[in-house]
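A quick write-up on the structure given underneath.
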Amino acid sequence: MSPERLPPFNEKIARHFVEMSNSMAGLPEYLGIRLIGMEPGRAEAELRVEEKLITAMGNMHGGVLSAFSDHLLACVCYPHMEEGAWAATTEFKVNLLAPVTGGTLRASATLVSMSKTTAVVRIDVENDGRPCSAAQGTVTLMRPRAKPRS
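Here it is in structure tokens:
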């Protein structure tokens, strides 16, 4: 999606989200996902392939690529959303293109389409420069929750 057709990009939200995302606990922390940059309609992230992510067959589990893609699917949307809004994955599909046995994964998420309520995102992942997965998904964009009355 060309930058001029995107909703406005909030640099402050992008910076905050990169900082917050890189100190997040849970699955992103366990997998070692590191958001490295955001610009209008794009987000970039890295994941170092560690031994704990390798199966008994010697390859990284495809679920890691799925989780990596799913994480970026929402990340790319936040700087284009109203502060306090959130993105929830509705669906996504991952094509596993090549086995991963080590090295570093680098993912690029690109907004394909974005309306007030949904966004479609494409995520391409490379393993040390070699394509290893291509994903596309849809997120539902949720408005900020109303604050309860006192």
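Residue numbers (our numbering): 225 to 374.
C-beta: ideal position from N, C-alpha, C; glycine also.
In this text the structure is predicted, and so the values were computed from the model without any measurement.
Classification of T252 by the beta-carbon crowding that lies within 10 angstroms, buried from 16 upward
Looking at the sequence shown, residue 252 is not Thr but Pro. P252 should be labelled buried.
Roughly how many angstroms separate the alpha carbons of V363 and L335, rounded to a whole number?
11 angstroms
Jot down the residue ranges of each uninterrupted alpha helix (DSSP H) in the stretch 248–312, minimum 4 residues, whole runs only, in chain order.
251–255, 286–299
Residue burial classification, A359 (beta-carbon count within 10 angstroms, cutoff 16):
buried
For D210, which residues from the same chain have a beta carbon less than 7 angstroms from its beta carbon, with the 5 sequence-adjacent residues on both sides left out?
For residue 210 there is no data in the structure shown, the boundaries of the chain being 225 and 374.
Around the C-beta of A333, are 16 or more other C-beta atoms found within 10 angstroms, so that it is buried, or is it exposed?
buried
Cβ distance (whole Å) where L230 is taken to contact A269 below 8 angstroms:
About 19 angstroms; that fails the 8 angstroms criterion.
Contact between the stretch 290–305 and the stretch 258–273 is defined here as three or more beta-carbon pairs at a separation below 8 angstroms; is this criterion met?
yes
Can you check which of these residues, V349, T325, G250, M305, is closest to K236 by C-alpha distance?
M305
Looking at M262 and A291, is the spacing between their C-beta atoms short of 8 angstroms?
no
Excluding the 5 residues flanking T342 on each side, which residues of the same chain have their C-beta closer than 8 angstroms to its C-beta?
T314, T362, V363, T364, L365
Roughly how many whole angstroms lie between the Cα atoms of G250 and G256?
10 angstroms
So if DSSP puts K317 in a beta bridge, which residue, or which two residues, is it bridged to?
Q360
Pick helix, strand or coil for R229, following the three-state DSSP scheme.
helix
Do L277 and V318 have their beta-carbon atoms positioned less than 8 angstroms apart in this structure?
no
Does the separation of the CB atoms of I347 and S293 fall below 8 angstroms?
yes
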